[in-house]
Amino acid sequence: MSTLNPQDAKAFGKVGVLFGGRSAEREVSNMSGSGVLAALQSKGIDAHPFDPGQRSLAELAAEKFDRVFIALHGRYGEDGSLQGALELLGIPYTGSGVMASSVGMDKITTKIVWLHKGLPTPRYAVLNAQSDLAATAADLGLPLIVKPPHEGSTIGITKVSEAGAFKAAYDTAAALDDSVLAEEFVTGREFTVAILGGGATARALPVVEIVAPEGNYDYQNKYFTDDTKYFCPAALPEALSEEMRRIAVEAYRALGCEGWGRVDVLLRERDQKPFLLEVNTSPGMTTHSLVPMAARAEGITYEDLCVEILRTARLKMKG
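Using the UniProt record's numbering, you'd call the opening residue of the sequence shown number 1 and step up by one each time.
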């Protein structure tokens, strides 16, 4: 771990670490934020916790933070709403801006942008209460994945292997969102690509392969068990690894992301073709999280990663 001299630490000013929040991912955010807070404080940075789920925007303004590190996940933290408030308050913040955060949080709009850019992503359908589920299953084939398009951490996701289970899966997702995303199931290996920076300077870290028990990388296996195995750098031919990193950076840039993020990728078994699943614009920073894991593979400690991300904090709207 590199040292940060007192003058450099002081230059960050008073830093707020925003975590907790109001989303279904509050528990994970608390773990991420606690880690980030401890890391920044260990570097001598004047960092303080702030929970937007329990304190108001007026209190946030009154804290007079010089910049904030967003360690919130999901709605009201990763979806552009908080980013807009910070722009109005004039507080520089880490991660993507209002538009990129909003689009990245919406898996349907993300797919539309990626397809427009010619990037590979599984076929899909947008469902509502009037949708013909049988026709959708016939079109996409079984099994398929059903998910709420505005949630993260695999919340509300169901793999549907039989037509009779489709309605229950739809109801589970619809309880969390106004629309529901049904997605072609891609059989193959699961990977993720962490990205630092933005625009022309965006760079991919080593690819991580995720091997979950019985292929079920759910909320429990993501954060609370040691049964899921991770391999970083992933065991891939160099050309395929580079291609995966390339399309992940293109996908990240297509949405206008910056700061740091993570793009999830599936590698189809039958032809070794990568497919983009989603982008996370405020990814996890827990002990089980994948961005810190990829950074370690490149020789970047958790503490240095947090400082590097904090350096990118800025207001994105000019004028």
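From the three backbone atoms N, C-alpha and C, an ideal C-beta is built for every residue, glycine too.
These numbers were taken from a predicted model, which means no experiment stands behind them.
Distance check between L236 and each of E209, A248, G256 places E209 closest, using alpha-carbon atoms only.
Annotated three-state conformation of P233 is coil, per DSSP. For V98, the enclosing alpha helix (DSSP H) begins and ends at 98-105.
The alpha-carbon of Y76 is positioned some 23 Å away from that of G197.
A direct Cα-Cα distance of roughly 7 Å separates Y93 from L315. In this structure the region 61-71 touches the region 4-16; the number of beta carbon pairs closer than 8 Å is three or more. Taking all protein chains in view, the Cβ of A100 is crowded by 16 or more other Cβ atoms within 10 Å, so the residue is classified as buried. When secondary structure is reduced to three states using DSSP, V68 falls in the strand class.
Looking at the DSSP output, G261 bridges to I195. A check of alpha carbon separations from K167 across N5, F185, W114, K147 identifies K147 as the nearest. If you draw a straight line from the Cα of H150 to the Cα of D106, it is about 5 Å long.
Here the alpha carbon of R22 sits roughly 30 Å from the alpha carbon of T301. Counting only residues of its own chain and dropping the five nearest sequence neighbours on each side, S42 has a CB closer than 7 Å to the CB of E303.
Shortest Cα-Cα distance from E243 to any of V265, L255, C232 involves V265. DSSP places A129 in the coil class of the three-state scheme, outside both helix and strand. Under the three-state reduction of DSSP output, R123 falls in the coil class, being neither helix nor strand. In the same chain as T109, and ignoring 5 residues on each side of it, the C-beta atoms closer than 7 Å to its own belong to V103, in chain order. For T110, the secondary structure class from DSSP, reduced to helix, strand or coil, is helix.
Residue pairing for E209: DSSP places it in a beta bridge opposite F191, F231. Sorting E25, G44, F50 by C-alpha distance to the C-alpha of P6 places G44 at the top.
Sequence-distant partners of E278 (beyond 5 residues in either direction) whose C-beta falls short of 6 Å from its own C-beta, in its chain, are K107, D264. About 6 Å separates the beta carbon of G261 from that of Y252, a gap short enough to meet the 8 Å contact definition. Counting of Cβ neighbours within 10 angstroms places I112 among the exposed residues, the total staying below 16. By the 16-neighbour rule on beta-carbons within 10 angstroms, D79 is buried.
Contact holds between the region 186-197 and the region 285-297, because three or more Cβ pairs, one in each stretch, are under 8 Å apart.
A check of alpha carbon separations from T312 across R26, I157, I91, G33 identifies I91 as the nearest.
A71 sits buried, since 16 or more C-beta atoms from the chains shown fall within 10 Å of its C-beta.
The secondary-structure analysis by DSSP pairs P274 across a beta bridge with L267.
Annotation: the continuous beta strand (DSSP E) that includes L18 extends over 14-18.
The DSSP-derived three-state label of I145 is strand.
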